[in-house]
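A.B. asks:
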Amino acid sequence: MNDAPAAEIRIVADRLTKRFGDFVAVNEVSFEAKRGEIMGFLGPNGAGKSTTIRILCGLLRPSSGRAEVAGLDVARYPERVRENIGYMSQKFSLYNDLSVTENLRFFGGVYGVKGARLAERLDFAIDMAGLKGREDALVADLSGGWKQRLALGAAVMHEPAILFLDEPTSGVDPESRRRFWDLIYTLAGEDVCVVITTHYMDEAEYCNRIALINGGKLVALGSPGELKRSAIRGEILLVEGDDPGAMLEALEAAPAVRDVAPFGSSLHIVVDDAARDLPAIKALLGERALGWSRIEPIKPTLEDVFVQLVAGDGARGGAQ
Amino acid sequence: MSLRRIKAIAKKEIIQVWRDPRSLMVVLLMPLMQMALLGYGVNLDIKHVPICVFDREGSQQSQALMKAFQASLYFRIVETERDYGAVKRAIDGGRCKMAVVIPPDFSQDLAATNSASVQAILDATDDNTANIALGYAQAVVASYSGNVQLERTQSLGQPPSAIPAVAQYRVWFNEDLVSRDFIMPGVVALVLALVGAQLTSLTISREWERGTMEVLVSTPVTRMELMTGKILPYFFIGLLDATLCLVIAVFWFETPFRGAITTLFVTTSLFLIVVLGLGYFISASIRSQVGASQIALVVTLLPTTLLSGFAFPIEQMPPAIQGLTFLVPARYYFSILKSVFLKGSGLADLVAPIVLLALYATIIGLLAARAFRKTLG
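Just so you know, the sequences run in chain order A and B.
Each number in this note's numbering corresponds to the 1-based position in the first sequence with 46 added.
Each number in this note's numbering corresponds to the 1-based position in the second sequence with 719 added.
1) Out of A:Asn142, A:Ala207 and A:Ser139, state which residue places its alpha-carbon closest to the alpha-carbon of A:Val115.
2) Can you give me the C-alpha to C-alpha distance between B:Thr987 and B:Cys964, rounded to a whole angstrom?
3) Relative to the alpha-carbon of A:Ile256, which residue among A:Asp68, A:Met85 and A:Glu148 has its alpha-carbon at the smallest distance?
4) Should B:Arg1050 go down as buried or exposed, given a rule of 16 or more other Cβ atoms within 10 Å for buried?
5) By DSSP, does B:Cys964 sit in helix, in strand, or in coil?
6) Under 8 Å between C-beta atoms, does B:Arg724 make it to chain A?
7) At which residue ranges does the segment 913-942 of chain B contain complete alpha helix (DSSP H) runs of 4 or more residues, listed in the order of the chain?
8) Taking the alpha carbon of A:Thr98 as the point to measure from, which residue in A:Asp212, A:Arg122, A:Ser145 and A:Pro124 has its own alpha carbon closest?
9) What residues in its chain sit with their C-beta under 8 Å from that of B:Thr974, if we drop five residues either side in the sequence?
10) Decide if the segment 909-922 of chain B is in contact with the segment 75-89 of chain A; the criterion is three or more beta carbon pairs, one per stretch, under 8 Å apart.
11) Could you check what DSSP says for B:Ala835 in three-state terms: helix, strand or coil?
12) Does A:Val156 get closer than 8 Å to chain B when you measure Cβ to Cβ?
13) Looking at the C-beta of B:Leu951, does it have a partner C-beta in chain A at a distance below 8 Å?
14) Could you spell out where the alpha helix (DSSP H) holding A:Asp173 opens and where it closes?
15) With a threshold of 8 Å between beta-carbons, can A:Arg128 be considered close to chain C, or not?
16) A:Ser311 to A:Arg275, Cα distance in whole Å?
17) State the Cα-Cα distance for the pair A:Ala335 and A:Arg304, rounded to the nearest angstrom.
18) What separation, rounded to the nearest whole angstrom, lies between the Cα atoms of A:Ile55 and A:Gly117?
19) Can you check which of these residues, A:Glu166, A:Tyr231, A:Asp318 and A:Trp227, is closest to A:His204 by C-alpha distance?
20) Kindly identify the DSSP beta-bridge partner or partners of A:Glu78.
21) Please list, in chain order, the residues of the segment 744-762 of chain B that have any C-beta partner in chain A closer than 8 Å.
22) Using 8 Å for Cβ pairs, my map puts A:Ala71 next to A:Gly262. What's the rounded Cβ distance?
23) Can you confirm whether A:Cys239, when its beta carbon is compared against all beta carbons of chain B, has any partner nearer than 8 Å?
24) State yes or no: is the beta carbon of A:Leu297 nearer than 8 Å to at least one beta carbon in chain B?
25) Counting contacts by CB-CB distance shorter than 8 Å, is B:Arg738 in contact with chain A?
26) So is A:Ser401 in contact with chain B if we call contact Cβ pairs under 8 Å?
27) Kindly say whether B:Val914, judged by its beta-carbon, lies nearer than 8 Å to any beta-carbon of chain A.
28) Please confirm if A:Leu198 has its CB atom under 8 Å from at least one CB of chain B.
29) Would you grab the beta carbon distance between A:Glu181 and A:Thr147 for me? Rounded to a whole angstrom, and I think it's under 8 Å.
30) Could you say which of A:Leu331, A:Leu284, A:Leu348 and A:Gly191 lies nearest to A:Ala320 if we only look at CA atoms?
31) In whole angstroms, what is the alpha-carbon distance linking B:Leu756 and B:Met744?
32) Using a Cβ-Cβ cut-off of less than 7 Å, list which residues of the segment 84-113 of chain A approach chain B; keep chain order.
33) Compute the beta-carbon to beta-carbon distance between A:Arg340 and A:Glu286, rounded to the nearest angstrom, for a pair I have assumed lies under 8 Å.
34) So A:Glu166 contacts chain B; which residues on that side make the cut at Cβ distance below 8 Å?
35) Does the beta carbon of A:Ala59 sit closer than 8 Å to a beta carbon anywhere in chain B?
36) Taking only the alpha-carbon atoms, compute the straight-line gap between B:Ser1007 and B:Arg741 and give it to the nearest angstrom.
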């Protein structure tokens, strides 16, 4: 990753920090992203994902640190950076009182797309959003999935080299989410560098690389596989039973168990060696008369990684 | 500056105004309503003042005087009273602004001494109306006594006595001294100031409120392009409104118009740039639509009515307040409009206010462009 040639690097964030008064929204975040790469920002609400993206788009000035996008310093050449980026904000930001075509023409116009290329991009965007035949519909009358694909279409009218998508799939049905990800893959396949924030764990799995962000800090950076291998020390056991609350309490006290976390109605526990520790855990639950329907080793998910790293980070923070 | 980007923004803005009933109302209905309201409502002439009469004599002469009041356009006799108590109640109750009381010896005095007095009782809670009404009453009585004198000399078979020296006034520019002729240019200035600032006051704040600004600032559009693209459509809408107001003033309210259309066009364009720029400045500074619209209203309505010379003559203000009026753009436009309408002044006569208005437009434009920041928070 680090030996990519300079021309491949589309984004450089160097110790980016953003303070709002006493609150540190982004704390010394550094990373690089290459062309054709889908980089996911994963973290809870308020972790600093959106703030980081806004700094990279030149919408917020960092308190300290430096950002380079498309080979240009964002603070020094904000307008030239903006010619090279597309941005989809968290809140839907097309004009509801304009039609599909009017919106796309407007964004084409402000991005300086003209003539035959404008017509061609217009076709492309309408096609991409699946809005053929509804070109004259008011955007206000479109449903969530269409609006979101249209917003993506507007953001790529000028064929930007870099695309910033801030929680683009929130509040959209699963089918639309899947279609949206197909589009992102297509764009990445055309060498667009895509930075996307999400708090859906399953979406994070689709990214080439994930930047895990919590409390403004970059907690981990790597591919989903790398994160799972490096973050989880030990193995994961899935436990299901009648009384998850009581089981959680009992397992937290068990010596073999390094960590317990609820996942829906079941529990994930982290142990050093699943085969070795399983009998002891079963014995413990039997002792407390807690019935279980299922205990078995599973492959770690990104959510396990997230719980591990975020909890670990919290503990470190508390120790300081 | 990219023309393409300015065009894209201007086009979008026009579509939005066209589809937004609220904007359309500001554009079309507001100037019409204000012209009607102010044109009819603000009238410094007093007509048909309600009065009551108490004729204590009931003679032919006293009835003739009553008729003179009745015939006058300035008064309307609403009640005839029979005692002072009723007169008092009519005035206390606000039914009459003035009572005319004719003494019981009116015709006797008139015959004997060639002079008689009439009592006028006025409700001076509104001293301005009372003063003017009193003036009119004196005029009615004076013309009545003139007639009496004329009849008398004629009945005696004498030639009319020499007419005593009378001061003759010649009023220029507003020959009829109709206050509406003076007010209409002020109404046009006021309506344009109000509508102009309202039009642009929403243009930036709306984008912030709806969340569309966040993406717009991520595009390469510059501050100057955004301002030009956003003000341009409203400039043409403003010219349309100005035409509407001027047509109403001239053809409906019959305000005399003696100037040239080009003078009007040049000065109105300048004034529009000032008020549109002001609205844009407010909109860019305050990111809420309601707040921006209200501030635009206060900033235009109060100074324009109070300090432009429209309601109160600037010459009569204390020096400190006079200084303040130089900050009110409507002051210049109002004086220009008055001159163009009533005096027929041309561009050459109006160099000073035009230069000041242009200076104003430049400063507001620069402030407005700077007020918009392409960053969040």
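All residues carry an ideal CB built from backbone N, CA and C; glycine is no exception.
C.D. replies: The answer reads as follows:
1) A:Ala207
2) 11 Å
3) A:Met85
4) buried
5) For B:Cys964, the secondary structure class from DSSP, reduced to helix, strand or coil, is helix.
6) yes
7) 924-929 and 932-935
8) A:Asp212
9) Closer than 8 Å at Cβ, skipping near neighbours: Arg899, Asp900, Met903, Pro904, Ala968 and Phe1060.
10) no
11) Residue state, collapsed to three classes: coil.
12) Closer than 8 Å: yes.
13) no
14) It spans Gly161 to Ala175 - the alpha helix (DSSP H) in which A:Asp173 sits, taken as one unbroken run.
15) Among the chains of the structure shown, chain C does not appear; the protein chains present are A and B.
16) 25 Å
17) Distance between the alpha carbons of A:Ala335 and A:Arg304 is about 22 Å.
18) Taking the straight line joining both Cα atoms gives about 8 Å.
19) A:Glu166
20) A:Val58
21) Under the 8 Å Cβ criterion, the segment 744-762 of chain B contributes no residue.
22) 5 Å
23) For A:Cys239, no Cβ of chain B is located within less than 8 Å of the residue's own Cβ.
24) no
25) yes
26) For chain A, the structure presents residues 47 to 366; residue 401 of chain A sits outside this window and is missing.
27) no
28) no
29) 5 Å
30) Answer by Cα proximity: A:Leu284.
31) 16 Å
32) Arg100, Cys103, Leu105, Leu106 and Arg107
33) 4 Å
34) By Cβ distance, chain B contributes nothing, its closest Cβ being about 16 Å from A:Glu166, past 8 Å.
35) no
36) Rounded to whole angstroms, B:Ser1007 to B:Arg741 spans 16 Å at the Cα level.
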